[in-house]
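Listed in order, the protein sequences are those of chains A and B. Last residue of the first sequence: 448 in my numbering, with the numbers rising by one and none dropped. Last residue of the second sequence: 448 in my numbering, with the numbers rising by one and none dropped. All residues carry an ideal CB built from backbone N, CA and C; glycine is no exception.
2 protein chains.
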Amino acid sequence: MAVGKPEKIDIASIISRLPLFVEVPPAQLQHVAAESRERRLAKGEMLFHKGDPARGFFVIIWGQIKLAFPSSTGNEKVVQVLGPRQSFGEAVMFMDRPYPVLAEAVSDAMVLHIPRKPVIELIERDTSFALAMLAGLSTRLHSLVHDVESYSLRSSTQRLIGYLLQQCPAEGKGTAEIELPTSKQLIASLLNLTPETLSRIFRDLGDSGLIEVHGRLIKIPDIARLREVDF
Amino acid sequence: MAVGKPEKIDIASIISRLPLFVEVPPAQLQHVAAESRERRLAKGEMLFHKGDPARGFFVIIWGQIKLAFPSSTGNEKVVQVLGPRQSFGEAVMFMDRPYPVLAEAVSDAMVLHIPRKPVIELIERDTSFALAMLAGLSTRLHSLVHDVESYSLRSSTQRLIGYLLQQCPAEGKGTAEIELPTSKQLIASLLNLTPETLSRIFRDLGDSGLIEVHGRLIKIPDIARLREVDF
DNA sequence: CCCTTTCCTTGATCGGCATCAAGAAGAAGG
DNA sequence: CCTTCTTCTTGATGCCGATCAAGGAAAGGG
Numbered sequence: 218m219a220v221g222k223p224e225k226i227d228i229a230s231i232i233s234r235l236p237l238f239v240e241v242p243p244a245q246l247q248h249v250a251a252e253s254r255e256r257r258l259a260k261g262e263m264l265f266h267k268g269d270p271a272r273g274f275f276v277i278i279w280g281q282i283k284l285a286f287p288s289s290t291g292n293e294k295v296v297q298v299l300g301p302r303q304s305f306g307e308a309v310m311f312m313d314r315p316y317p318v319l320a321e322a323v324s325d326a327m328v329l330h331i332p333r334k335p336v337i338e339l340i341e342r343d344t345s346f347a348l349a350m351l352a353g354l355s356t357r358l359h360s361l362v363h364d365v366e367s368y369s370l371r372s373s374t375q376r377l378i379g380y381l382l383q384q385c386p387a388e389g390k391g392t393a394e395i396e397l398p399t400s401k402q403l404i405a406s407l408l409n410l411t412p413e414t415l416s417r418i419f420r421d422l423g424d425s426g427l428i429e430v431h432g433r434l435i436k437i438p439d440i441a442r443l444r445e446v447d448f
Numbered sequence: 218m219a220v221g222k223p224e225k226i227d228i229a230s231i232i233s234r235l236p237l238f239v240e241v242p243p244a245q246l247q248h249v250a251a252e253s254r255e256r257r258l259a260k261g262e263m264l265f266h267k268g269d270p271a272r273g274f275f276v277i278i279w280g281q282i283k284l285a286f287p288s289s290t291g292n293e294k295v296v297q298v299l300g301p302r303q304s305f306g307e308a309v310m311f312m313d314r315p316y317p318v319l320a321e322a323v324s325d326a327m328v329l330h331i332p333r334k335p336v337i338e339l340i341e342r343d344t345s346f347a348l349a350m351l352a353g354l355s356t357r358l359h360s361l362v363h364d365v366e367s368y369s370l371r372s373s374t375q376r377l378i379g380y381l382l383q384q385c386p387a388e389g390k391g392t393a394e395i396e397l398p399t400s401k402q403l404i405a406s407l408l409n410l411t412p413e414t415l416s417r418i419f420r421d422l423g424d425s426g427l428i429e430v431h432g433r434l435i436k437i438p439d440i441a442r443l444r445e446v447d448f
């Protein structure tokens, strides 16, 4: 199977547009860019396993990567599905510990590996970069806390509704159409459900007129009403 | 009702034991400690409202604080209930945004307010401090990720066993005795269980001879055997 | 010491979600 | 186009853990 698009990649320009690096003067980024390496992955290919040593972090150029806990019984738990311009692995990099999750390409994909050393040097040289990284990690902590909360005190239907509302473009009212970004299987695992249960919830929400399901296209006739639902 | 215990508080030592600061050399923390202030709260008292500017973050010395989204209809949405040694508001502090939630004392409580400025100044003056903070935040992220794993792919019995093994002094084999550090109610909530279910699991494990329960003292006759259990 | 309150335990019942099983609908590939 | 594989849906059944209800055991407080 061919591994995706063959265009030449400008590492420096991609790095400079990352949220994490956007405030950093381009000159200071040259060192980081020079040491970074691109890597292509075929669908299903592993980027790293749980327990592998972390020598840097990754940024997705295109394609999708999932982070998940392996499970001996086959039903692994997907923690996140990440898309272009998103990064992962920064936190582990600072602790000198192995990865706590595995990373696998969900589609053909290309990632950039940014090694630990130039990043640390950049932090030591540029305090505003250090602050940007702290803000980035803080944001991630926040969303993880939110996840834990969802698992523990929201029902499966509520979790799906929350997911759908998250996908809505703006905080708009009225109507919306959502193109699911990945397979329903993956979404099920993200929401800590089996595919069967997810399918049933989709049907129930459809029967209630709260959403319309057309394959992977979801129509929401009344966002406000969906937000008010309290099962 | 009197607002809690009157002991003298050693701010510096509390700060130095925070997860966020645990990697930071104590000498560097003096400036932060000097600008920190303690605050006592009666049950039900508000610490801050949603939308208030974030001028720092908080650490709970004792008592419990809840974080929640306000609601005009009175049925607010609780995001988290936090206990001693837990901190909150760091993420928002680094992002320079107002608090997205409100904080209210669930019981009589005492918190430490650590202002933003000395923390930021330390980062700007000493890059090793920034690295230490990044490591601290990373550690928290790591443990949260671990929590998510527990919730999603381990049974309630496995979670309790994991908790008990965590409390074992060394990674010893053989036998162990554990004094539960808090009420069983709280442990239940930590493990995402009801008190009833926790009680039943304790009884079942006792019936199997894997542990002995004497009130809040737990005896483990064979640590290795407990670790092997696979329900 | 008793009284009140909180904490813990036990039993009965219920429901949500997983599991098992099988079929339908798409997507990919020759 | 037909075959094959994956993804999605639907049904039947079962179990784990929550909930409801009540009683016992500690723990503080007067």
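The beta carbon of Gln297(A) sits closer than 8 Å to those of Lys283, Leu284, Phe305, Leu407, all from its chain and outside the five residues before and after it, given in chain order. Not flagged as an interface residue toward chain A: Ala271(B), since no C-beta distance is shorter than 8 Å. Secondary structure note for Leu370(A): its alpha helix (DSSP H) is the uninterrupted segment 344-370. The contact set of Thr356(A) on chain B, defined by CB atoms closer than 9 Å, consists of Ala308, Phe311, Met312 in chain order. Shown here, Gly300(A) sits in coil according to DSSP, grouped into three states, outside any helix or strand. Residues of chain B with a Cβ closer than 7 Å to the Cβ of Met327(A) do not exist; the shortest Cβ-Cβ separation is about 25 Å. Here the alpha carbon of Met350(A) sits roughly 35 Å from the alpha carbon of Ser289(A). Membership of Val239(A) in any alpha helix (DSSP H) is not indicated, and neither H nor E is assigned to it by DSSP. Boundaries for Gly426(A): no alpha helix (DSSP H) harbours it, and the DSSP string shows neither H nor E there. Under a criterion of Cβ atoms nearer than 8 Å, the residues of chain A adjacent to His363(B) are, in order, Pro317.
Rounded to the nearest whole angstrom, the C-alpha separation of Pro315(A) and Leu235(A) is 25 Å. Counting C-beta pairs with one atom in each stretch, the stretch 312-331 of chain B and the stretch 255-267 of chain B have three or more that are closer than 8 Å, which means they touch.
Interface flag for Lys283(A) against chain B is unset, since no Cβ pair is found closer than 8 Å. Residues of the stretch 335-351 of chain B with a C-beta less than 7 Å from any C-beta of chain A: Ile340, Glu341, Thr344, Ala347, Leu348, Met350, Leu351, listed in chain order.
In the three-state reduction of the DSSP assignment, Pro412(B) falls in the helix class, which pools H, G and I. Among the residues facing chain A, Leu370(B) is included, as its CB has a counterpart in that chain under 8 Å away. With at least 16 other beta carbons inside 10 angstroms of its own, Gln281(A) counts as buried.
Only residues of its own chain outside the window of five on either side were considered, and among them Phe286, Pro287, Pro315, Tyr316, Pro317, Val318, Leu319 have a CB closer than 8 Å to the CB of Lys267(A), listed in chain order. Chain-order list of chain B residues neighbouring Lys294(A): Val365, Glu366, Ser369, Leu370, by C-beta distance under 9 Å.
Distance between Asp313(A) and Pro270(A), taken at the CA atoms: about 8 Å. A distance below 7 Å between beta-carbons, with the five flanking residues on each side excluded, links Ser372(A) to the following residues of its chain, in chain order: Phe448.
CA-CA distance, Ser233(A) to Arg302(A), rounds to 11 Å. Bridge partners of Val276(B) according to DSSP: Ser304(B), Leu329(B). Counting every other CB atom within 10 Å of its CB across the protein chains shown gives Gly273(A) a total of 16 or more, marking it as buried.
Among the residues of chain B, those whose CB is under 7 Å from the CB of Phe286(A) are Glu366, Leu370, following chain order.
Rounded to the nearest whole angstrom, the CA to CA distance from Leu348(B) to Ile228(A) is 26 Å.
Contact between Leu381(B) and Ile437(B) holds: CB atoms are separated by about 7 Å, below the 8 Å threshold. With respect to the C-alpha of Glu262(A), the residue from Leu299(A), Gln245(A), Met310(A), Glu321(A) having the closest C-alpha is Glu321(A). Contact of His359(B) with chain A by beta-carbon distance below 8 Å involves Ala308, Val309, Met312, Arg314, Pro317. Using a 10 angstroms sphere on the CB of Gly353(A), the tally of other CB atoms reaches 16 or more, which defines it as buried. The criterion of a C-beta distance shorter than 8 Å is not satisfied by Tyr368(A) and Ser367(B). In the three-state reduction of the DSSP assignment, Arg376(B) falls in the helix class, which pools H, G and I.
In the DSSP assignment, Arg256(A) forms a beta bridge with Val328(A).
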